[in-house]
Amino acid sequence: MANLERNKKILLDLVKQPGNHLCADCGAPEPDWASYVLGIFVCLNCCGTHRDLPAVSRVKSIRLDYWEDSLVEFMRERGNSSSNAVYEKCVPAFFYQPQQKDCVDQWIRAKYERREFTGEHPYLQREYDSDILESTLWKKGKVKKSFLKRTFLLSRKEFTLRYFVREDVGTCGFL
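Per the UniProt record's numbering, the sequence shown starts with residue 1, numbered consecutively.
In structure tokens, the structure reads:
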């Protein structure tokens, strides 16, 4: 019982430290959960996504669950700042990082499951760093109700987003 209270106190002190006092993924204040595999403190919202990634992350409540000494020591060694230094090492400057009220599921999956921002996968960085990004949207037609292909080109150099209805016709519109 003494270990339980001691470890709980250590975790509550750790979560107050700079870097740990905000959720590692969305920045929400006062996280109550921790991934003892990644060594990070997360909020309840982000905890739900971490639970969906059992091969990558496992979470416990810092207030309600039992923490073994070895896990507490691991949390002490890691923390949000050192973990984010690894998992957010190569996040492009223009990449939107979700805030507290945003949907964080894909951000967490990209960060931990696919490890897109660690610098381990140069081909991903080339995609993020390219001057033109192209994507397709399937839009449901008003009259025929069938899905119609729409193409978008985002140019970092021209700072524009162009929209095409058909490939053989010029730009339909741009921002």
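Glycine residues also receive a C-beta, built at the ideal position from the N, C-alpha and C atoms.
Other residues of its chain near residue 67: CB distance less than 6 Å, five sequence neighbours each side excluded: 7
Residue 52 burial status per 10 Å Cβ neighbour count (16 or more: buried): exposed
Cα-Cα separation between residue 149 and residue 165, rounded to whole angstroms: 7 Å
Alpha helix (DSSP H) segments (min. 4 residues) lying fully within the UniProt domain "Arf-GAP" (8-128): 44-51, 69-77, 79-87, 105-108
Length of the line joining the Cα atoms of residue 154 and residue 162: 6 Å
Terminal residues of the beta strand (DSSP E) in which residue 158 lies: It is not in any beta strand (DSSP E) - residue 158 carries neither H nor E in the DSSP assignment.
Beta-carbon separation (whole angstroms), residue 137 vs residue 75, contact threshold 8 Å: Contact flag wrong, Cβ pair sits at about 43 Å.
Residue nearest to residue 81 in terms of C-alpha spacing, selected from 111, 72, 41, 151: 41
Candidates 35, 28, 117, 27: closest to residue 85 by CA position: 117
Distance CB(residue 57)-CB(residue 32) smaller than 8 Å: no
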